[in-house]
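Only one structure is covered here, and it is reproduced in the block below.
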Amino acid sequence: MPTEANNKTALESPAPNFSLPDVVTGKTVTLSELPPARALLVMFICRHCPYVVHVREEFLRIARDYASKGLSVIAICSNDADQYPEDAPGKLKEMAISHNFPFPLLYDASQQTARAYDAKCTPDFFLYNPQRRLDYRGRLDSSTPGNGHPVTGDEMRAAIDAVLEGARPPADQKSALGCSIKWK
Numbered sequence: 047m048p049t050e051a052n053n054k055t056a057l058e059s060p061a062p063n064f065s066l067p068d069v070v071t072g073k074t075v076t077l078s079e080l081p082p083a084r085a086l087l088v089m090f091i092c093r094h095c096p097y098v099v100h101v102r103e104e105f106l107r108i109a110r111d112y113a114s115k116g117l118s119v120i121a122i123c124s125n126d127a128d129q130y131p132e133d134a135p136g137k138l139k140e141m142a143i144s145h146n147f148p149f150p151l152l153y154d155a156s157q158q159t160a161r162a163y164d165a166k167c168t169p170d171f172f173l174y175n176p177q178r179r180l181d182y183r184g185r186l187d188s189s190t191p192g193n194g195h196p197v198t199g200d201e202m203r204a205a206i207d208a209v210l211e212g213a214r215p216p217a218d219q220k221s222a223l224g225c226s227i228k229w230k
């Protein structure tokens, strides 16, 4: 049964800080130390969720398409790796390397970062403006496994375009849908 994000985080809320290890490099990535960007996309993903697998190529395409335009992307996995070994750092590293992730994939072992962001499911998307204030919390597009809608990323692309133009994304933001975060 899919989980609908229904995030309670208010638009214009500041991005919560984090300090998490990158599963590929082992280096710690801290929000406050990231270089300024015209937009910041924080995604909560995992390896095993069919909803993430369904849209993975599109969020990778979005990251590549918008990198030169000022979008910075961070992916975080907060799932309990003891109960879901496919989401352990080593397996996440395999996924990031095999799919050539153009952004860091971080592991949130304590799950404190997911709680700070009020992440509910995978995938769950949070888009921030240059001041790192929340401008969009919603889905990539209407496509889900089995519903027949094409994966286009149109809703996320419209939100990113608006933020990069210094505007607010559309007010009609539909909640992300996916597998629940696997809490300890």
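Using our numbering, the first residue of the sequence shown is number 47, and each one after it goes up by one. Yeah, the Cβ is synthetic: ideal placement off N, Cα and C, and Gly gets one too.
Here THR55 carries a coil assignment [DSSP, helix/strand/coil]. The distance from the Cβ of ILE120 to that of PRO150 is about 6 angstroms, consistent with a contact at the 8 angstroms cut-off.
In the three-state DSSP reduction, GLY136 falls in the helix class (H, G or I). LEU66 and ASP111 have their alpha carbons spaced roughly 25 angstroms apart. In this structure, the alpha-carbon of VAL209 lies about 29 angstroms from that of PRO48. For the 8 angstroms CB-CB criterion, HIS145 and ARG102 form a contact. Closest by C-alpha distance to ASN175, out of THR71, VAL88 and THR76, is VAL88.
Residue pairing by DSSP places ILE120 opposite VAL88 in a beta bridge. Remark: C-beta atoms of PRO96 and PRO169 do not approach each other more closely than 8 angstroms. Listed as beta-bridge partners of SER226 by DSSP are CYS167.
Counting the other CB atoms within 10 Å of its CB gives GLY199 a total of 16 or more, which places it among the buried residues.
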